[in-house]
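2 protein chains.
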Amino acid sequence: MPSAVPHRDAVLGLIRSLGRPVSADEIRDALRETGIGIATVYRIVNKAVEEGDLAKVELPGAPARFEPADLPHHHHFECDACKRVYDVPGCAKGVTGLAPEGFAVESHEIILRGTCRECSGVAV
Amino acid sequence: MPSAVPHRDAVLGLIRSLGRPVSADEIRDALRETGIGIATVYRIVNKAVEEGDLAKVELPGAPARFEPADLPHHHHFECDACKRVYDVPGCAKGVTGLAPEGFAVESHEIILRGTCRECSGVAV
DNA sequence: CCGAGAATGAGAATCGATTATCATTCTCGC
DNA sequence: GCGAGAATGATAATCGATTCTCATTCTCGG
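For the protein sequence lines, the chains are H and C, in the order given. The opening residue of the first sequence carries number 109 in our numbering; numbering runs sequentially from there. The opening residue of the second sequence carries number 109 in our numbering; numbering runs sequentially from there.
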């Protein structure tokens, strides 16, 4: 076990390799064999967010997810079946133009919901 | 005080008159003088949601809000300053087209954030 | 090999939102 | 005016997510 901070590397590596925002629970489960505790997962991702390495993705009614902070502008897709969240590249035109007169839009978020590719192909 | 269910009417009336999604706390505060309790507010809005009279609006990191269920398709604006949530009419084109191949989009949500009209006009 | 300081894990504690409990109050038909 | 049943409010309980605590373990320079 080389690395100076093995858990941190394992967590950030996992997040980068999955290519979608993952929750603390998902991280803990994926690294189950290392015996990592949920407190450590939170410690690592919180610090990484502070340091600008990770971005926190919050969706209604779901635990926070984490993804690399250097991704280009994108949005999210939440699967109704498996509850996983995926990145969707790009953005819709005219989004910020929707706001009524007098409202200053500083950021926006688009959340798509439905069935992901994996769940679509699987019979019940 | 006529009505058979005064609190229900007061709550639904308030929601309709404000024209924006309101949380249980906001409802209780607005109806403070009637002495309504938070439990009653939740009982009323939950039943109204079940009965199809209200829709629940959930935004990340905020308590659920409620608005009339019969509004046309629209989205929401959350003010960073006052935390109030407003309806924004209309929708952006091409939203559902963002999803990658194989993902079936069944609904979507757009959340704008920034400063609302009221907060924009007010100095710190 | 040794000790200081950082990191860890298990579980308790906390937090905000929501729901359950239960004694009291109110409504209405009679 | 009376009683059954619904509604209410205060508060305790719950829930899931997250953070805190603390004893233990690990890392490393010396």
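All C-beta atoms in this analysis are idealised placements derived from N, C-alpha and C, irrespective of residue type, glycine included.
- Distance from the Cα of residue 136 (chain H) is smallest, within the candidate group H:199, H:179, H:162, H:150, for H:150.
- With contacts defined as CB atoms closer than 8 Å, residue 216 (chain H) and residue 219 (chain C) qualify as a contacting pair.
- Note that the C-beta distance between residue 196 (chain H) and residue 181 (chain H) is not below 8 Å.
- The residues 129, 172, 173, 174, 175, 184, 193, in chain order, have a CB closer than 8 Å to that of residue 165 (chain C) in the same chain once the five nearest residues on each side in sequence are set aside.
- Check the Cα spacing between residue 224 (chain C) and each of H:227, H:225, H:226, H:207: the tightest is with H:207.
- Residue 210 (chain C): not part of any beta strand (DSSP E); DSSP gives it neither H nor E.
- Going by DSSP, residue 179 (chain C) is part of no alpha helix (DSSP H) at all; its letter is neither H nor E.
- Neighbours of residue 207 (chain H) in chain C, taken as residues at a C-beta separation under 8 Å, are given in chain order as 185, 196, 220, 222.
- In this structure, the alpha-carbon of residue 121 (chain H) lies about 35 Å from that of residue 191 (chain C).
- Taken through DSSP and simplified to helix, strand or coil, residue 191 (chain H) comes out as coil.
- When DSSP states are grouped into helix, strand and coil, residue 162 (chain C) belongs to the strand group.
- The C-alpha of residue 205 (chain H) lies about 12 Å from the C-alpha of residue 221 (chain C).
- In the same chain as residue 189 (chain C), and ignoring 5 residues on each side of it, the C-beta atoms closer than 8 Å to its own belong to 223, 224, 227, in chain order.
- The C-alpha of residue 213 (chain C) lies about 35 Å from the C-alpha of residue 145 (chain H).
- Secondary-structure assignment with DSSP links residue 197 (chain H) through a beta bridge to H:182.
- Boundaries for residue 202 (chain H): no alpha helix (DSSP H) harbours it, and the DSSP string shows neither H nor E there.
- When Cβ-Cβ separations below 8 Å define contact, residue 127 (chain C) makes no contact with chain H.
- The three-state secondary structure of residue 221 (chain C), taken from DSSP, is strand.
- Using a Cβ-Cβ cut-off of 8 Å, residue 181 (chain H) does not count as an interface residue toward chain C, since no Cβ of chain C sits closer than that to its own.
- Distances from the CA of residue 127 (chain H) to each of H:177, H:201, H:211, H:200 were compared; the closest alpha carbon is that of H:177.
- Rounded to the nearest whole angstrom, the CA to CA distance from residue 154 (chain H) to residue 133 (chain H) is 14 Å.
- With respect to the 8 Å criterion, residue 138 (chain C) and residue 203 (chain H) are not classified as neighbours on the basis of their beta carbons.
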